[in-house]
Every structure is written in structure tokens, then in C-alpha cells.
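Participant: Mind looking over this structure? Questions follow.
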Amino acid sequence: MKDISYVPQVIEKKWQAKWEKDKLYRAAIDNSKPKHYALTMLPYTSGDLHFGHWYPMAPSDARARFKRMNGYNVLFPIGFDAFGLPAENAAIKRGIHPKTWTYKNIDNMRRQLKSMGNMFDWSREAISADPEYYKWTEWFFIQLFKQGLAYRKMSAVDWCPKDNTTLAREQVVGENRVCERCGTPVIKKDLEQWFFKATKYADELLNFDEIDWPERVKTLQTNWIGRSEGAEVYFRVASDRSSVPAGSNQSGLTTDNSSLITVFTTRPDTLWGATFMVFAPEHPLVDKVTMPEQRTSVEAYKTQAARQSDIEREAVDKEKTGVFTGGYAINPVNNERIPIWIADYVLMSYGTGAIMAVPAHDERDFAFAKKYDLPIVEVIKPDPSPLRPSPGGSPTGVLREGDGGEGSTIPAAYAGAGVMVNSGPFDGTKVNTEKGRKNPGVSKVIDWLASQGIGKEAVNYRYRDWLISRQRYWGAPIPMVYCEKHGWNPVPEDQLPVLLPDDVEWKPTGESPLKLHPTWKNTTCPVCGEPAVRETDTMDTFMCSSWYHLRYLSPHYDKGPFDPKEYDYWMPVDTYTGGIEHATMHLLYTRFFHKALRDAGIVEGNEPMMQLRNQGIILGADNEKMSKSRGNVVAPDELVAQHGTDALRTYLMFAYRWQEGGPWNSQGIDGTARWLRRVWTLFTDRPERRLSLSKQQSKASEDVKRTLRRRVHQTLKRITRDFENFEFNTIISSLMELLNEMYKAREAEAVGNPEWNEATEIYLKMLAPVAPHIAEELWTNQLGKPYSVHQQSWPQVDEEAAKEDMIEIPVQVNGKVRDRVLVSAEADEDEIKSTALASEVVQKYMEGKAPKKVIVAQKRLVSVVV
RNA sequence: GCCGAAGUGGCGGAAUAGGCAGACGCGCACGACUCAAAAUCGUGUUCCUUCGGGAUUGAGGGUUCGAUUCCCUCCUUCGGCACCA
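Note that this note's numbering has the first sequence beginning at 47, numbered continuously upward.
Next comes the structure, spelled out in C-alpha cells:
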């Protein structure tokens, strides 16, 4: 007898080789079919693939295969995010050239990826560190520059002292403001850097109408952009510099019109309660408003603030500090003279770096006013509701009209709803807790400010422009040239790519390695031809990954970043899968990038990726994040060798809710491995069954055959739905259940009947996307069907067959299930009701009483109330 | 502090219009096969029980004939943001 035991390692290798030889997964434009662009996040070339990579990829592959069987022309590409710090760090540590290290890793990872048996179209592989790729990364930079979206600016930027480079705002994470890559706390440095004007698209990025993305990602992006609505108000610097207590309303003050101070506020309705003003220590007008007597203390404070790290400055519980500048501003709504202070709780990086302080209605201003004994004027009175006394005593009773706040005993800042008081023309105006225009008080004051010319409606964002300069070697060069006479100009496009030189020293000096190269930076000015220097910083690698989905379209195309024919057919990406950790990084960058390219006329549509789904994270067996340092990394290579790819793929789908993830448990693989072995056995264990076939095939009762067919079509229906919804765990459990049914049917002598044959065929088609190798082997070599199972159409559900003819209906008496009655699926409500009431058990629990109420819930349940 | 997600057996999880809680699997126990073990197959497996039942989906309350599912309050865990004016 031929050995027909299941040896996954053998059949998997065999079919992978055949599929590759036959170019089975090559995706080519075919206008006769609807297209489906399925994309999974490309791996970084760190060296080894672990289950963190398998987890999004294997289920995504199953779904791509499902789509393909459903008549779509599917593009499912893969590539490598190959530029970046780890390569350079390996170079520093081990003396291996970053390029050598990276491409060696790619070879290994490509082998590992192939062992997964995915339907990747390898002919479209793209590597971001290839010159033919980064030529276009550079080209895109130039297009953005031409659009006015790339600019250079000197500012205080985040610097990672370990990685020796600047970082984008998004790449500084957590409470301790650490580097996203290495976890080192970042510091601030004043540097001139290249930025992309992402903030130009802030409002558009808040609009998710066209895309089907998880709420979680949309929320994270919305919060990150942090739009707040309010007003800008212009304060003048008082030129009368005599020291007059604030609040003593002096008329006839002269003012210095050249020194307008703009503040942003979300609460213009509290303007009348602004009793002082605070500048960030770095605010440009600080010097101007500081009086000679205060100069020393102001300078000392500025120095101290500059020395402190952001972490210290932004510590939540830190007590507020500040110093008086000696200067005064005029509150434009009531001409009050208010003192100007500097304090580090006001940040130069948000709004205008200057605030109007309203201590009565802002917690921070209140704390500051208390500490430095500044006046507190209440301008919002809580609603005088007898049912709801104002919290913490009665602040309203303390302050009266005209009270300058001296000796104020207001216990806390009040930020709730109420009525405006002490606010001139606005007294009595209602204020609620809504933001912006939705708040009647805010809205009225904004209109009034505009009519008076002292302010206007304004919106502010937390979102910052994208800092893309990196002082590192292993990245795409920024294709810009600096000339003494002509400033910064792009490298002419016909000279692209600006190649990264191989002969560099990678020393962690804090300077760009390219700067230390003896000749590389020397070039000529594209305008005048005189000697000039290249930009020696490289681009943030998130720039490379912002457009990789476009390069997959035509990775070797040399007339542009992508072939327009391919673009027209495949774009946009239909389904994108990957981790949520990139919510405010890659996923936001790539949306910005697409919109910028759209405005440059390079791409069409408003969004690059229509549907996004995030998988969860696979943790180590210790419930901690997998990492080499913790020693809890599970290597797929060994497990593939042990159980085969199909068992691993299906285990990853079966063991977790895909969108949740969870701790790794190698033992669980036994479950899917055992299941696949049982599948194998059912399809191959036939000698004695075959012998009895002709004699026994009629033995199966009509009922057995009918039930088998019903289960097959019910399963098909469920699995079809689950694939659409990314519910992989129930796909596998449904397949396991159906297998159990098929074993039962085999016991009942169903083998060989048309129902049995249909069941085996449909079973393998349903198995094909999740366990492609075993499905192919059984399809082609056991059922003897035409190669390949992966070119078959997804089966159609026969709704008639899926219907039950008898249904079991539970009967509740007073809310407890007491019996189950069997009725025909066609039974009407009355029939179900009478059958239920006729049950002896039900009658027993009714204790002879007449039912008060009988509810027949569809065909699902009968509820009797006595 | 603010925003978001989630709490179901020993474990992963199922229940997708408010209608049988615990599907499927892991693990465990017992049995068959075996000299034995592994593999395989079979049976059982939420808890309590006086064997009649009773309790049970983080806790408490509400709506309903009926709640894992809807509403309110609270607790816990995870993620994000955080002096953002």
C-alpha cells in the first residue's frame, strides 16, 4: 500500500515550488474582472521574521485568496522597508556595512516569507533602499518642495541623544517623551530642519467620510490633530510704564501700536476676566516688555527654562513658576491694564506662545494667580438653579460687580455652564459647556470681537508639521543643494537619484555621516553652476513607506514613480491590514502624502486606502511584548519545520480574535495540526471504505444525506460572511465542526453519494484560502480534480439546502427553559404555541394555572408566563 | 485628569437583528489500542447540590415575558493624550 500519511513539510515545499513555477499568483491587469488591491504592511528588514509578522500576513493572505476565488483579480504584493537606523547601528556595532546587513536580512526574510505559502506576487517586490526606488522618494520630495509643502525652518526640535538624530513629533512617544525606536528620552535642540507642511491638511485629515477605517484609528488621529476652536484676540502693550495696580481703570492711556500681542483662546467669553497675561519664556516680545528693574530676574528665569528638559517642564504635578516682566498689556474689551508675566506653563509651540490668563475660569491660571497673588475676577456665574448649588461653596457670593478681586476667596476655577457677568455688553448671556460656535456665549463674543477689529474666529491644532530631516546615513538623500547666492534648490530631476555613497564612516558623532564624507557633498548650484553643497541629512524612513503601495504597481518602471496604466487599474488600495501602532505615524503620513500628491496632480482621489483593519499583537508566553531582550520570541522557522505552514497559519487564525491578539501558546498548535491530520485522514483513509462503496452507498438514509448537505451549505454561508468580516477564528471552528459532521456522515455510510461528493469538493474549496497546501494536495491528488484548487470559484450557497426542516424550540416557563419541542420549520405561530403548551414538562411547571401570556419569538423560543 | 477599547469555565474563545450561555479547540480525567510509550480513537469536563434542583457572562441597579447583548452607577485591565490656553 502506498504511504499516504500526512507529511506537511513535503507537500508544502512541493506545491510552493509548483505555484512559483506556474506563476500562479502573478497579478496582471485584466479589465474583464473587478480588481482587489489587498495590502499588508511591509516588514522592516530587521533580520528575522517572527510571529508579529505572520500574524497580520497569514490571515490577510487567506482573505486575499478568498477574494480571488470570489472572482476578483487580486493584487497582494510584498516588499521591504529597508532604510533605517538598525542597519546603521549594526554597522557601528559590528562593522558591517548597512547595505550588506540589510540585503542579507532581505534574503533571509524573503525565504521565510515564502515558507508561509502566501499568494504574494513576488514579481512586484519593492525594496525602499534600492536606487530605483529611492530615486522616486527623492523625486517626491522635489514635487512637494515645488508645491510649497517642503520648507526649512530653525526651531527647537526633538533630538534623540542615543540615535543621534532629530525626530518628528509623532516619533516621540509616551509620558516620558521617549524616542519611538529606542526608548531614550529626547531632548530639545535648536536646529534648522526640513519639514513637510502636513498641517495644511489638518482639517481634511479629520474627515474620514470616504474611508472604512476602525473607529479607534479615527479617534487616535482626531485626537492627535487636536483641533480646537476659538478666537484670536489682539492685546496692545501699554506704553505707560508706571506701576499701576491692575483693575484701576485708567482712561487716556497711550499705547504702542507696533506691539500687538496675539493670543489664542477657546474661551473668548471669559475675556472680561483676563486679569493678567502670560508669555512663554521664549516669546519674541519678552525682551520688549521687560522693564529694567525686572531684567535680571526675567533673564534668570529664561535661562533656567531653557536648561530644563521638556519632561521637567511638562511634568503634570509640577508647581507653576513664573516671573513678572514689569510690562503691561491692555485688555481690548475693557481697556484694563493687566500685568505681563512669563511662565513655563505656556508653551511656545502651541498657539501664539502667549495667553490671556483668566484665573476664575481656568484651573492653571487659577493656580498661578493664587501663588503670585494676582487678581481673580469672576465673569461666568453658574446657573442660579436652586436644585444645583454651585460646587464647593458659593463663589458667586464672594465677588461683586466692580470687585477687582482683592481678597478673593473663590475656591476653584469654574469651567461649567452659566451666565456672563462683569462683561459689559454681554452681561446675562448664557454660556454652556460646548466648544466653539456651539456655545452661544463664545459665538456672540467672536462676532463682536470681529466687528470691533480686536479679534476674530480662529482654529488651532495640536498637529505639527512633519520634520523629515535625519542626521543619519542609511536613508534616502534629501535631493537639495545649497548655494551661497541662490539658497536652497532641488537637484535637477534628470540627475536623480542622488546616490548614497558606499564609502562612509558611521560614527555616532551627532553629525550626519554624509557631512563627513570628503567629497560627496560638493556639487554645483543648479541655478548658477558655481560650487555648492548638498544637503547631508537623509529622509525619515516614514517618507519611503508613505508611497510603497504605489511602487508595488510597477517596481521597475523608470519613467515615473509608477506606471499610470497600473495605477488606473489597481488604485486605490481596497483592503489594508497592519498594526494599530502606526495610527498617528505611518497611517497619518500616508494620508497626508496622498493628499499632497493629489494636489500636485500626481495621483487621484482623496484617500490612498479605502478599508483598514488592524490585527492585535501577539505577546510572548509570559504575556509581555515579544522582544529579543526578554527572550520570549518564538521563531516560526522551527515551528514550520515541526508542524508545517498550514498548521501554523490556521493556528494564528483560530487561536485569537484577530483584532485582539494575545499571548503565544505553542501547545495550541496541536489543535489545528490534529484537525488538519483528521482532514487528511478523512480524504485519504479509504481502502476498506472503497471496497464497500458500491455495496453500501445506498445505505445512507435520505435523512443523513439531507443533513450532510444542510450542514455543508450552512457552513459555507457562515464562512463566507466571516471572511468578509475578518473573523478568522470562527472560519476555522466552522471548518472543524463540519469535519466532525462529515465523520458522522461517513459512519452513516454516506461516502460516494452525490451529497458526499459535493461536501468534499466544497470542503476543500473552503479550506483552500486558510490551508492552501493541504487543500491543493487533496484536491488535485486525492479527489483528482483539475489543478489548481486556488483557481476555483468560491461555491454558491444553496439556500434551500441550508434550511432546516424540523426545528427544536426551547420553551421557557417564567423565564426558565423547561423543555424543548420539535416542530416543522414551516410551522406557524399558533402551531408552535400549541405544541409548546402541550408539552408535559411545560404543563408540570405551569402547575395547572392558565398562562397569563405566551410569547412566540419568531422560530427561536416560546416564553410562557403564568 | 481627559479620550478610547475590553472584562464570559483551568486557558484561547463562541453566541453578528434582545431569545437554549459556554460552540470549536487547548488542557485535564477516565477508557480502548499497545509489552510499553507516543500517535490515534472513544467518553466526560462552568460551579454548587440534600440529585429535586439552584447559581452563573467584572460588581450593583434599571428596562423587558426574557439581557453576555440595551440604559445608569461603580470596579479592574489595556491603549492613546496630557499645563494644548
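In this text, a Cβ means the ideal position worked out from N, Cα and C, and glycines have one as well.
Determine contact between the segment 252 to 268 and the segment 338 to 351, defined as no fewer than three beta-carbon pairs at a distance below 8 Å.
Facilitator: Too few Cβ pairs lie closer than 8 Å, so no.
Participant: I need the straight-line Cα distance from M788 to E216, nearest angstrom please.
Facilitator: C-alpha separation (whole angstroms): 53 Å.
Participant: I'd like to confirm the pairing. Which residues does DSSP put opposite M402 in its beta bridges?
Facilitator: Partner(s): M323.
Participant: Just checking, does the segment 612 to 630 make contact with the segment 230 to 238 on the three C-beta pairs under 8 Å criterion?
Facilitator: Not touching, per the Cβ criterion.
Participant: Which whole-angstrom value describes the C-beta separation of F241 and W512, a residue pair presumed to lie in contact below a C-beta threshold of 8 Å?
Facilitator: At roughly 6 Å, the Cβ-Cβ gap stays under 8 Å, so F241 and W512 are in contact.
Participant: Count the other C-beta atoms from every protein chain shown that fall within 10 angstroms of the C-beta of P538, then say buried if there are 16 or more, exposed otherwise.
Facilitator: P538 should be labelled exposed.
Participant: Among all the DSSP beta bridges, which residues are the ones paired with V379?
Facilitator: The partner list for V379 (beta bridge, DSSP) is empty, contrary to what the question assumes.
Participant: State the beta-bridge partners of E854 as determined by DSSP.
Facilitator: BP columns for E854 point to L868.
Participant: Buried or exposed: where does V863 fall if 16 or more other Cβ atoms within 10 Å of its Cβ makes it buried?
Facilitator: V863 should be labelled exposed.
Participant: What did DSSP end up calling R282 once you bin it into helix, strand or coil?
Facilitator: Strand, per DSSP.
Participant: Would you mind sorting V797 into buried or exposed? The rule is 16 or more other CB atoms within 10 Å of its CB.
Facilitator: So V797 counts as buried.
Participant: Considering R157, what are the terminal residues of the alpha helix (DSSP H) in which it resides?
Facilitator: R157 -> alpha helix (DSSP H) spans P144 to S161.
Participant: Tell me the DSSP secondary structure of Q842 in three-state form.
Facilitator: Three-state result, Q842: coil.
Participant: Quick check on Q889: does DSSP put it in helix, strand or coil?
Facilitator: Q889: helix per DSSP, three-state reduction.
Participant: Can you grab the Cα-Cα spacing for the pair D716 / W710, in whole Å?
Facilitator: Cα to Cα, D716 sits roughly 13 Å from W710.
Participant: How many Å lie between P601 and P543 at the Cα?
Facilitator: Their backbone Cα atoms lie some 15 Å apart in a straight line.
Participant: With a CB to CB cut of under 8 Å and the five nearest residues on each side skipped, what residues in its chain are close to W205?
Facilitator: Hits under 8 Å: T211, T212, L213, V232, I233, K234, K235 and L237.
Participant: Verify whether the separation of the beta carbon atoms of Q267 and T630 is less than 8 Å.
Facilitator: Against a cut-off of 8 Å, the Cβ pair of T630 and Q267 comes out as a contact.
Participant: Is it the case that the segment 309 to 321 contacts the segment 374 to 388, given that we only count it when at least three CB pairs across the two stretches are under 8 Å?
Facilitator: Contact holds: three or more Cβ-Cβ distances are below 8 Å.
Participant: Helix, strand or coil for A719, going by three-state DSSP, please let me know.
Facilitator: Looking at A719 - three-state DSSP - the assignment turns out to be helix.
Participant: Taking contact to mean 3 or more Cβ pairs, one atom from each stretch, closer than 8 Å, check whether the segment 586 to 595 and the segment 557 to 573 are in contact.
Facilitator: The segment 586 to 595, when compared against the segment 557 to 573, does not touch it at the 8 Å Cβ threshold.
Participant: Nearest to N803 by CA position, among N786, K831 and A413, is which residue?
Facilitator: Nearest of N786, K831 and A413 to N803, Cα basis: K831.
Participant: Please report the straight-line C-alpha distance between N77 and Y615, rounded to a whole angstrom.
Facilitator: Answer to the nearest angstrom: the Cα atoms are 8 Å apart.
Participant: Going by other Cβ atoms of all chains shown within 10 Å of its Cβ, with 16 needed for buried, is R518 buried or exposed?
Facilitator: The residue in question, R518, is buried, as its Cβ has 16 or more Cβ neighbours within 10 Å.
Participant: Out of K160, F729 and D249, which one is the CA nearest neighbour of W825?
Facilitator: Ranking K160, F729 and D249 by Cα distance to W825 puts F729 first.
Participant: Where does P54 land, buried or exposed, given buried means 16+ other C-beta within 10 angstroms?
Facilitator: Counting Cβ neighbours within 10 Å, P54 comes out buried, since at least 16 surround it.
Participant: Looking at the strands, I want to know which residues DSSP matches up with E275.
Facilitator: V505, per the DSSP bridge assignment.
Participant: Short check: CB of Y179 to CB of L121, under 8 Å?
Facilitator: No.
Participant: Check whether the Cβ atoms of D408 and A459 sit closer than 8 Å, and answer yes or no.
Facilitator: Taking 8 Å as the Cβ cut-off, D408 and A459 qualify as a contacting pair.
Participant: Could you compute how far the alpha carbon of E770 sits from the alpha carbon of E66?
Facilitator: Cα to Cα, the separation comes out at about 27 Å.
Participant: Pick helix, strand or coil for T300, following the three-state DSSP scheme.
Facilitator: With a pLDDT of only 47 at T300, under the threshold of 50, the placement of this residue in the model should not be trusted; the figure read from the coordinates follows. Coil.
Participant: For D127, does the three-state DSSP call read helix, strand or coil?
Facilitator: Strand at D127.
Participant: Using DSSP bridges, identify the partner residues of F310.
Facilitator: Answer by DSSP bridge pairing, in chain order: E278.
Participant: CA-CA distance, A400 and M323?
Facilitator: Taking the straight line joining both Cα atoms gives about 7 Å.
Participant: Starting from K81, trace the alpha helix (DSSP H) both ways and give me its first and last residue.
Facilitator: That residue, K81, is in no alpha helix (DSSP H); its beta strand (DSSP E) goes K81 to T86.
Participant: Report the option in V888, L420 and A461 whose CA atom is closest to the CA atom of V970.
Facilitator: Residue 970 falls outside the range modelled here, since the chain spans only 47 to 912, and no answer is possible.
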